[in-house]
Ligand code: SAH
Ligand code: SF4
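In the numbering used here, the protein residues as written are 21 to 401.
#1: Beta-carbon separation of residue 100 and residue 82 under 9 Å?
#2: Less than 9 Å between the beta carbons of residue 342 and residue 303, yes or no?
#3: Counting only the same chain and skipping the five closest in sequence on each side, list residues whose C-beta sits under 6 Å from that of residue 92.
#4: Where residue 172 and residue 126 are concerned, what is the direct C-alpha to C-alpha distance, given to the nearest angstrom?
#5: In the DSSP assignment, find the unbroken alpha helix (DSSP H) run with residue 160 in it and report its ends.
#6: Check whether the stretch 324-336 touches the stretch 270-286, counting contact only when three or more Cβ pairs, one atom from each stretch, lie closer than 8 Å.
#7: In terms of alpha-carbon separation, which member of 27, 305, 184, 139 lies closest to residue 147?
#8: Return the chain-ordered list of same chain residues with a C-beta closer than 6 Å to the C-beta of residue 182, the five sequence neighbours on each side being excluded.
#9: Does ligand 1 have a heavy atom nearer than 8 Å to the CB of residue 282?
#10: What three-state label does DSSP hand residue 137 in the structure shown?
#11: Note down, one range per segment and in chain order, each alpha helix (DSSP H) of at least 4 residues found wholly within the stretch 306-357.
#12: Does the separation of the CB atoms of residue 404 and residue 128 fall below 9 Å?
#13: Is residue 322 close to ligand 1? I mean its beta-carbon at under 8 Å from any heavy atom of the ligand.
#14: Looking at the secondary structure, which residues open and close the beta strand (DSSP E) in which residue 90 lies?
#15: Rounded to whole angstroms, what's the CA-CA distance from residue 225 to residue 66? Just pull it up for me.
#16: Can you tell me which residues fall inside 5 Å of ligand 3, judged by beta-carbon distance to its nearest heavy atom, and keep chain order?
#17: Less than 8 Å separating the Cβ of residue 363 from some heavy atom of ligand 1?
#18: Starting from the C-beta of residue 73, find all residues in its chain whose C-beta is less than 8 Å away, skip the five residues before and the five after it, and write them out in chain order.
#19: Which residues in the same chain have their Cβ closer than 6 Å to the Cβ of residue 397, if we skip the five residues on either side of it in sequence?
#20: Within its chain, find whatever has a CB closer than 6 Å to the CB of residue 353; leave out the 5 residues flanking it on each side and keep chain order.
#21: Taking 8 Å as the cut-off, is the C-beta of residue 224 nearer than that to any heavy atom in ligand 1?
#22: What I want to know is whether the C-beta of residue 98 ends up closer than 8 Å to one or more non-hydrogen atoms of ligand 1.
#23: Taking the alpha carbon of residue 176 as the point to measure from, which residue in 232, 115, 188, 212 has its own alpha carbon closest?
#24: Give the single residue among 180, 190, 89 whose Cα lies nearest to the Cα of residue 133.
#25: How is the beta strand (DSSP E) around residue 45 delimited, first residue to last?
#26: Are residue 313 and residue 321 close, meaning C-beta to C-beta below 9 Å?
#27: Cα separation between residue 340 and residue 243?
#28: Between the alpha carbons of residue 46 and residue 38, how many angstroms are there, rounded?
#29: With 16 as the cutoff for other CB atoms within 10 Å, does residue 80 come out buried or exposed?
#30: Any contact of the stretch 266-274 with the stretch 223-239, i.e. 3+ C-beta pairs under 8 Å?
#31: Let me know if residue 90 comes out buried or exposed under the rule of 16 or more other beta-carbons within 10 Å of its beta-carbon.
#32: On the DSSP bridge list, what partners appear for residue 235?
#33: Quick one: is residue 144 buried, meaning 16 or more other Cβ sit within 10 Å of its Cβ, or exposed?
#34: Tell me which same chain residues have a C-beta within less than 6 Å of the C-beta of residue 215, skipping the five on either side of it?
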């Protein structure tokens, strides 16, 4: 069977080339053609010996999953839907800003964690993406955008693993994909500009720290275990004290001297000033006080099946003020691409649910509100 070369990091490609009787420097040349130049056609790789190009054309190919759709938002955000076969499709989103270009990519078709407030979680889980399918999102987007913008230099400066799926539940495919992103012969992204976001798979956080330490974002969403377990069921396995312990250990290896905590603002569920103070106390009781982390408040992007509403802007502000008063650096995430359903938690793609998550979710008790949702207007903001 022919190999898709997007599946390999540089060591993997060197091993593949060795199998063809080629020296490691040939793999480096080939890797640069593919990732730096976006070339998929071996016959165009003119500085490779004709004999190698011939061997490659019988044993390998370079191909991204087909693009099913491309949508552009009024704010410049672009969303692609990739067909990964057997009825599964995953999404990637490009978010341009003045000083950077960020690509948000998916790691799985669906997600088995099943968070209440996440549309991917509501869809259930189909399968892990391969390394090639993860890398292909970057390969395709980077080279498409260069052509589209008429630019010969790099367009994507940051990658966030914040699309569909839990990256640390697809660890074996994730690590080579991260290495392709970081490689000087690949995309040459700095470790500080590649972020893995996790709902808290503690043992894999420890492994990531050793295998490929990149920037880490941890989805917290609640200041105590009872509520967190309802929102992020993985908390039953890895409760807060263990999760925060893993964050502390990660810091020693992290390319930045802080960890980002993501906190999705759900009206009447996790957004009171008391909960902000509780969050500050929990975080502040770990490591070096409060300056080892940043809190990123994400306004909830509603979707009907969640039964949840987003907090009104003034409640988000009050929550942020309470955190800052406790010494925590806090930001409020600007929502991008909402008109094309490309905002956080809205990526749903199309997934064959093989775990019956949808059925289990609909049978589950809904999240307990700590107070009545404030206004329905919050849902539209
Ligand atoms: N599985 C990983 C990464 C993908 S989700 C994780 O959970 O961290 C990326 C971020 O989007 C997470 O912080 C997640 O909590 C957040 N998110 C999910 N659904 C959301 C929604 N409906 N509105 C706002 N943020 C959401
Ligand atoms: Fe999975 Fe992350 Fe969505 Fe939770 S928030 S269901 S972990 S993708």
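All C-beta atoms in this analysis are idealised placements derived from N, C-alpha and C, irrespective of residue type, glycine included.
According to the structure shown:
#1: no
#2: no
#3: 98
#4: 26 Å
#5: 151-169
#6: yes
#7: 184
#8: 124, 217
#9: Flag set: Cβ of residue 282 near ligand 1.
#10: coil
#11: 333-345
#12: Outside the shown range of the chain (21 to 401) lies residue 404, about which nothing can therefore be said.
#13: yes
#14: Its beta strand (DSSP E) spans residues 86-92.
#15: Each residue's alpha carbon lies about 42 Å from the other.
#16: For ligand 3, the structure offers nothing, since it holds only ligand 1 and ligand 2.
#17: yes
#18: 62, 63, 65
#19: Residue placement at residue 397 is poorly supported in this model, since its pLDDT is 37, which falls under 50; the coordinates are not used for a value here.
#20: 316, 318
#21: no
#22: no
#23: Closest option to residue 176, Cα to Cα, is 115.
#24: 190
#25: First-last for residue 45: 44-55, but that is the alpha helix (DSSP H), not the beta strand (DSSP E).
#26: no
#27: 14 Å
#28: 9 Å
#29: Residue 80 is buried by the Cβ-count criterion.
#30: yes
#31: exposed
#32: Under DSSP, the beta-bridge partners assigned to residue 235 are 215.
#33: buried
#34: 180, 235, 237
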